[in-house]
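Participant:
Residue numbers (this note's numbering): 20 to 275.
#1: Going straight from the alpha carbon of residue 162 to that of residue 151, what length do you get?
#2: I need the DSSP call for residue 125, collapsed to helix, strand or coil.
#3: Answer yes or no: do residue 57 and residue 89 have a C-beta to C-beta separation smaller than 8 Å?
#4: Tell me where the beta strand (DSSP E) around residue 229 begins and ends.
#5: Which class does residue 110 belong to by DSSP, given the choice of helix, strand or coil?
#6: Grouping DSSP H, G and I as helix and E and B as strand, with all else coil, what is residue 37?
#7: Count the other C-beta atoms from every protein chain shown that fall within 10 angstroms of the C-beta of residue 251, then say buried if there are 16 or more, exposed otherwise.
#8: Hey, residue 175 and residue 184: beta-carbon distance below 8 Å or not?
#9: When burial is assigned at 16 or more other CB atoms within 10 Å of the CB, is residue 270 buried or exposed?
#10: Can the beta-carbon of residue 210 be found less than 8 Å from the beta-carbon of residue 149?
#11: Give the single residue among 223, 85 and 63 whose Cα lies nearest to the Cα of residue 40.
#12: Which of helix, strand or coil does DSSP assign to residue 24?
#13: Establish whether the CB of residue 133 and some CB of chain B are separated by less than 8 Å.
#14: On a CA-only basis, which of 31, 186, 156 and 129 is nearest residue 115? Give me that one, please.
#15: What residue range is occupied by the uninterrupted alpha helix (DSSP H) comprising residue 255?
#16: What is the rounded straight-line gap between the Cα of residue 221 and the Cα of residue 133?
#17: Can you give me the start and stop residues for the beta strand (DSSP E) that residue 187 sits inside?
#18: Rounded to a whole number of angstroms, what is the C-alpha to C-alpha distance between residue 107 and residue 154?
#19: Return the CA-CA distance between residue 80 and residue 42, expressed in angstroms with no decimal places.
#20: Any idea what DSSP makes of residue 153, helix, strand or coil?
#21: Could you tell me the distance, in whole angstroms, from the CA atom of residue 254 to the CA atom of residue 101?
#22: Skipping 5 residues on each side, what residues in its chain have a beta carbon closer than 7 Å to that of residue 98?
#23: Taking the C-alpha atoms as reference points, what is the distance between residue 25 and residue 76?
#24: Nearest-angstrom Cα distance between residue 229 and residue 242?
#25: Per DSSP, what kind of secondary structure is residue 239 in: helix, strand or coil?
#26: Is the separation between the beta-carbon of residue 244 and that of residue 224 shorter than 8 Å?
#27: Do you know how far the Cα of residue 110 is from the Cα of residue 104?
#28: Just grab the DSSP bridge partners of residue 64 for me.
In structure tokens form, the structure reads like this:
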């Protein structure tokens, strides 16, 4: 039988967590924050999921002035299920005035035979800040990937900031594994940093080494996209990009 589960997080100022509601395989745990005034939540997978047909979601609200980091205890593994229907995993994130959210989960692994649709929707207040990392590993070691479709939609002050969809594996548009996209790599990811400071000092578009690129967005944001041969190399690329963007500095610390 397919699962239906929605977990909920609400963060308040001063490191409070008024709502921390687990559901089904999505177990939420308050873990130790690395700095005063921050709250930290770790997502712990309580069972194998998402499987084919599952409908999972996490709703997160970061209240005005709050500071929240959300990470995960392990990679998310998309597996085939008993039904041919795709699984869905929705992330709905709202960040209030002068609030900060660091969304830094572990990798998503698309196992052979799986079919997963990931939808991430973000709504930011004009003075909110965000660091969001996505990492996709296409197939376990020595196997081809499943089907993975990932859409990221970001709105700031009610206006579109970013709306993109990526698709890999069987059924994806032709060329997803070609030289213009993955070029044979099996790890891909992106890092989105939204900071009002970029309104006065926008970043410049440039390559970041051989397998990553930095793109300024039409708003106070920067997007890094990267490919790599494996998960470890991908993480190193994105961590280095975060340091270069200054989002790990004193004004916008990312506590790893």
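By construction, the Cβ of each residue, glycine as well, lies at the ideal position given by its N, Cα and C atoms. Here the structure is a predicted model, which means the values were calculated and not measured.
Facilitator: In short, the structure shows the following:
#1: Computed Cα separation, rounded: 28 Å.
#2: Judged by DSSP in its simplified three-state form, residue 125 adopts coil rather than helix or strand.
#3: No, these two residues do not count as a Cβ contact at 8 Å.
#4: Element bounds for residue 229: n/a, residue is neither H nor E.
#5: The answer is strand: DSSP assigns residue 110 an E or B state.
#6: Strand at residue 37.
#7: Result: exposed.
#8: For residue 175 and residue 184, no; Cβs fall outside 8 Å.
#9: With a pLDDT of only 48 at residue 270, under the threshold of 50, the placement of this residue in the model should not be trusted, and no figure is reported.
#10: No. Outside cutoff.
#11: Answer by Cα proximity: 63.
#12: For residue 24, the three-state secondary structure derived from DSSP is strand.
#13: Of the protein chains in the structure, only one exists, and it is not chain B.
#14: For residue 115, the nearest C-alpha among the options comes from 31.
#15: Here the alpha helix (DSSP H) through residue 255 covers 250–264.
#16: Note on geometry: alpha-carbon atoms of residue 221 and residue 133 lie some 39 Å from one another.
#17: Where residue 187 is concerned, the enclosing beta strand (DSSP E) stretches over 178–187.
#18: When rounded, the distance between both Cα atoms is 17 Å.
#19: Their Cα atoms are separated by approximately 17 Å.
#20: Three-state result, residue 153: strand.
#21: Taking the straight line joining both Cα atoms gives about 33 Å.
#22: Here the set comprises 67, 70, 130 and 133.
#23: Taking the straight line from one Cα to the other gives about 5 Å.
#24: Looking at the two C-alpha atoms, the distance is approximately 16 Å.
#25: Coil.
#26: The answer is no: Cβ separation not under 8 Å.
#27: Inter-residue distance for residue 104 and residue 110 is about 20 Å (C-alpha atoms, whole angstroms).
#28: DSSP output for residue 64 lists 45 as bridge partner(s).
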